[in-house]
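Everything on this sheet refers to the single structure shown next.
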Amino acid sequence: MDSMEINKAVAAFLIAGIAFMGSGLISEALVHPKAIKGTAIKVDLPSEQTAAAAAPEAEPPIAVLLASADPARGEAGVKSAGCVACHSFNEGGKAGVGPNLYGVIGGPHGHMEGYAYSAVLKGKQGPWTYEAMNEWLKKPSAYAPGTKMSYAGLADPKKRADIIDYLHTLAKEPVPFPAAPAQKAAAPAGGAAVAAAPPNPAPAAAAPAPAADINVLLASADVDAGKSSTTKLGCIACHSFNEGGKNGVGPNLYGVVGAQHGHVDGYAYSAALKAKSGPWTYAELNEWLLKPSAYAPGTKMSFAGIANPKVRADVIAYLRSLSANPEPLPAAEAPKQPG
Ligand code: HEC
Ligand code: HEC
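For the sequence shown, the numbering used here gives the first residue as 102, with consecutive numbering after it.
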């Protein structure tokens with residue numbers, strides 16, 4: 102789009118806003134007794150914009166908000182919040198002042214081919230996660246200082262969640278919502294009885310299982326789901342997975358399970374990853390994919406991590422399948438629970 106058209110689009114947006122404000126003032130001044138019929142322009146200005154400056158309050162995590170979000174409200178929200186002035190949302194839709202937004206969730210930052218993004222947005226690594234989208238829509242200029250998106254932000258977390266829910270539906274395979282923060286492990290039933298019970302001969306038999314064990318999860322993991330997760334989560338933006346595939350931002354991942362850390366000859370790994378000795382075990386991959394920066398502080402892999410243990414297991418099962426001779430699955434541990 103040339104700058105002339107951009108100017109026109111911006112002008113149209115501004116004029117619409119001014120006309121609306123004007124009509125509001127006039128109708129107030131006249132104190133018209135009857136409701137105005139068929140107002141020509143109906144643009145709800147984003148009223149949250151000033152509220153965005155208000156003192157920050159602790160917000161519930163986006164995973165929690167998404168659980169009660171409503172994509173229909175979000176679809177209405179992108180109109181009332183003015184997003185539609187700059188964005189199209191349909192598959193294959195044209196860029197306006199801003200890029201088309203179909204498939205943006207789970208896509209890389211700056212996901213629309215051929216759209217001239219700002220350097221700051223293009224410089225953001227990794228896919229648009231729900232958390233990132235939530236930050237962005239709260240205040241674009243804070244998330245990406247210097248962004249071209251001239252939009253103050255949406256202060257209301259519920260409204261953001263509805264819009265994010267709507268954005269997430271704009272895909273052939275919508276990215277699953279993040280898991281809400283794990284519930285506390287259930288307290289042992291009949292807590293009061295514990296004190297009265299005779300001392301247990303065995304030391305507390307069941308120390309709480311560390312989350313769900315990767316070995317257990319791998320037993321029921323889904324290779325195909327893992328494969329599609331590598332698309333949805335954006336791994337494919339940086340990695341190839343086929344035998345002999347080229348390195349991208351990250352190394353080719355064929356045969357990584359059971360291979361040494363930094364398994365691709367000639368790829369320039371970070372010192373942090375090269376320093377890890379021994380092969381990639383399932384347990385280590387599980388830790389790595391949970392939070393790369395925690396497993397190998399200083400790693401070059403700019404990826405926040407996969408919080409959902411089941412999704413991690415699926416991805417690891419898929420990685421395992423990328424071999425002529427896949428590593429054996431971990432022996433399923435015999436359940437030792439009495440009864
Ligand atoms: C005044 C025009 C304008 C308005 C209004 C606007 N945007 Fe944008 N938007 C842009 C521009 C321009 C960019 C590209 C930003 C850059 O390159 O820094 C963008 C980028 C984005 C992106 C990133 C796209 C990608 O491919 O990475 C998302 C998501 C987005 N906008 C969502 C929204 C939503 C949701 C709203 C309404 C709450 C909204 N925008 C309102 C102009 C606008
Ligand atoms: C933004 C780019 C990027 C994304 C997205 C990304 N990676 Fe990586 N990945 C890298 C880089 C760079 C390295 C090398 C890390 C280092 O040297 O510290 C790497 C390393 C790895 C390794 C270790 C490879 C080896 O040879 O030891 C694995 C496994 C891996 N990534 C899996 C994944 C998976 C699975 C995903 C998606 C869930 C993913 N990566 C997403 C860039 C990325």
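Each residue gets a CB set at the ideal place from its N, CA and C atoms; glycine is no exception.
Nothing here was measured: the structure is a model prediction, and the numbers come from that model.
DSSP places residue 320 in the uninterrupted alpha helix (DSSP H) bounded by 315–320. Under the three-state reduction of DSSP, residue 172 is assigned to helix. DSSP, reduced to helix, strand and coil, places residue 410 within a helical segment of the structure shown. Around the CB of residue 350, fewer than 16 other CB atoms lie within 10 Å, so the residue is classed as exposed. Between residue 396 and residue 329, the alpha-carbon positions lie close to 24 Å from each other. Per DSSP, the beta bridge partners of residue 361 are 380. Contact check for residue 255 and residue 273: beta-carbon distance about 26 Å, past the 8 Å limit, so the pair fails to qualify. In this structure residue 246 is exposed. Its beta-carbon is surrounded by fewer than 16 other beta-carbon atoms within 10 angstroms. Following the DSSP letters along the chain, one finds residue 269 inside the alpha helix (DSSP H) bounded by residues 258–270. With 16 or more neighbouring CB atoms inside 10 Å of its own CB, residue 222 falls in the buried class. Under DSSP, residue 228 shares a beta bridge with 209. Distance from the C-beta of residue 218 to the nearest heavy atom of ligand 1 is below 7 Å. In the structure shown, the three-state DSSP call for residue 243 is helix. In the displayed model, residue 350 falls within coil according to three-state DSSP, outside both helix and strand. The beta carbons of residue 403 and residue 226 sit about 4 Å from each other, so the pair counts as a contact at 8 Å. For residue 339, the secondary structure class from DSSP, reduced to helix, strand or coil, is coil. Here residue 178 carries a helix assignment [DSSP, helix/strand/coil]. Secondary structure note for residue 393: its alpha helix (DSSP H) is the uninterrupted segment 393–396.
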